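In the numbering used here, the protein residues as written are 14 to 407. Just so you know, even glycine gets a beta-carbon here, dropped at the ideal spot from N, CA and C. The model shown is predicted, which means the values in this text are computed figures rather than measured ones. Shown next, in structure tokens, is the structure this report addresses.
In structure tokens form, the structure reads like this:
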């Protein structure tokens, strides 16, 4: 292993670079994954795969939770011009958010996706979902990411239905093999590395669709019709401290194309994983992204995401050029925090884009590791249910 791991130092002490035996390691990994896929398994060498999830109905329901305090089973709906954290962007009132934001710890029913007025319920697996919210929302303030307590409170009621436009994209079975192999081959292989790879695994899938329904804001009812991406992640635990950074571009174009493309840096497994997919009108099946020319360390490494930039990526053998421009004005880049101790800081940038000249819009999500220690204000932690006091949250 020592000979296979010879190579240059990591950029910023994080991002592994190609070593002497990169090509050899890439071929090994490609062969392993290709063989497992041919046998009806999955792309990931550590995942259970389709045989561990025999039906869409089982995948779409709340998963049995382990006893680990950081057990994960999360369902997210990203909507263009709104985001289910919950954010709702109103053209005159401003960007609305849940009153407890930027804190994202909600306490509700473990058998349903329901908490503090927000409910997400599957109607048809991989097909349609009912989403509702009724309660107060607070106007977002740009002045202070961590203190949103003085924003104006507005009464909101949302009733929408999400419908799939395309088949789901499963990160266990659908990620491009070449992109995965290229990323894995850069890392230093050891028994510890492969153990970490197994322990950090999360089942994750995404699906592009659209929302339709109504929203009542301060007594006035509006029609809602938005393009949307949803995802579902679950596993033994969700450890935000393992993630160094990521940048994900969740976009919709005027011609109906929907896509998610970006880079994830999780040094215990892959410090520079290129990933994504493109959904084209006329085909239900997403096309995996095989190459992303977005060098994460060049874009906001010190904590401030860029406003304007461009990069290229390859999907289906075709190279695309993506131009990104941040939306100016109040609420253009809200911030929230994830984890018991606010281990992750996440910036949601609303953007306008052009993909090969075709206009579009969406959200770019930039995640940053907050570093060691407890970053969650004691005033918030003090309001958590008493059973949380006994948990090891570190």
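| Query | Result |
| --- | --- |
| Check whether residue 231 and residue 106 have beta carbons under 8 angstroms apart | yes |
| Contact the segment 256-273 vs the segment 300-320: 3+ CB pairs below 8 angstroms | yes |
| Residues near residue 400 by beta carbon distance below 8 angstroms, same chain, minus five either side | none |
| Status (buried if at least 16 other CB within 10 Å, exposed otherwise) for residue 323 | exposed |
| For residue 199 and residue 410, the rounded distance between their alpha carbons | In the structure displayed, the chain extends from 14 to 407; residue 410 sits before or after that span and is not available. |
| At least three beta-carbon pairs within less than 8 angstroms, the segment 153-163 to the segment 173-181 | no |
| Where residue 205 falls: helix, strand or coil (DSSP) | helix |
| Anticipated Cβ contact below 8 angstroms, residue 201 with residue 18, distance rounded | 4 angstroms |
| Beta carbon of residue 373 nearer than 8 angstroms to that of residue 265 | yes |
| DSSP-derived helix/strand/coil call for residue 78 | Per-residue confidence for residue 78 stands at a pLDDT of 48, beneath the threshold of 50, marking its modelled position as unreliable; the derived number appears in the next sentence. In the structure shown, residue 78 sits in coil (DSSP, three-state: anything other than H, G, I, E or B). |
| Enclosing beta strand (DSSP E) for residue 37 [first to last residue] | Taken as a continuous stretch (DSSP letters only), residue 37 belongs to no beta strand (DSSP E), being part of the alpha helix (DSSP H) at 35-51. |
| CB of residue 302 within 8 angstroms of CB of residue 314, strictly | no |
| Where residue 135 falls, given that 16 or more other Cβ within 10 Å makes a residue buried | buried |
| Residue 240 versus residue 194: straight-line alpha-carbon distance, rounded | 32 angstroms |
| Residue environment, residue 335, which counts as buried when at least 16 other CB atoms sit within 10 Å | buried |
| Inter-residue Cα distance where the pair is residue 391 and residue 150 | 22 angstroms |
| Neighbour-count burial assignment, residue 47, 16 or more Cβ in a 10 Å radius | exposed |
| Check: residue 33 C-beta below 7 angstroms from any heavy atom of the ligand FMN | Summarising the ligand content, the structure contains no ligands, and the ligand FMN is consequently not present. |
| Three-state class that DSSP yields for residue 197 in the structure shown | helix |
| Proximal residues to residue 217 (C-beta, below 6 angstroms), its chain only, five neighbours per side dropped | 184, 246 |
| Presumed contact (8 angstroms Cβ cut-off) between residue 182 and residue 290, rounded CB distance | 5 angstroms |
| CB-CB length for residue 129 against residue 118, believed under 8 angstroms | Going by Cβ atoms, the distance from residue 129 to residue 118 rounds to 10 angstroms, so no, they are not a contact pair. |
| Environment of residue 1 [buried if 16+ CB atoms lie within 10 Å] | The requested residue 1 is not part of the displayed model; the chain covers only 14 to 407. |
| Where the alpha helix (DSSP H) containing residue 394 begins and where it ends | 391-394 |
| Segment limits, beta strand (DSSP E) that includes residue 305 | 300-305 |
| Residue of 298, 283, 146 minimising C-alpha distance to residue 180 | 298 |
| Residue 296 and residue 285 closer than 8 angstroms at C-beta | no |
| For residue 270, the three-state DSSP class (helix, strand or coil) | coil |
| Start-to-end residues for the beta strand (DSSP E) that takes in residue 235 | 233-248 |
| Inter-residue spacing [alpha-carbon to alpha-carbon] between residue 282 and residue 328 | 23 angstroms |
| First and last residue of the uninterrupted beta strand (DSSP E) at residue 367 | 357-368 |
| Under 8 angstroms between C-beta atoms of residue 367 and residue 377 | no |
| Cβ distance (whole Å) where residue 108 is taken to contact residue 153 below 8 angstroms | 4 angstroms |
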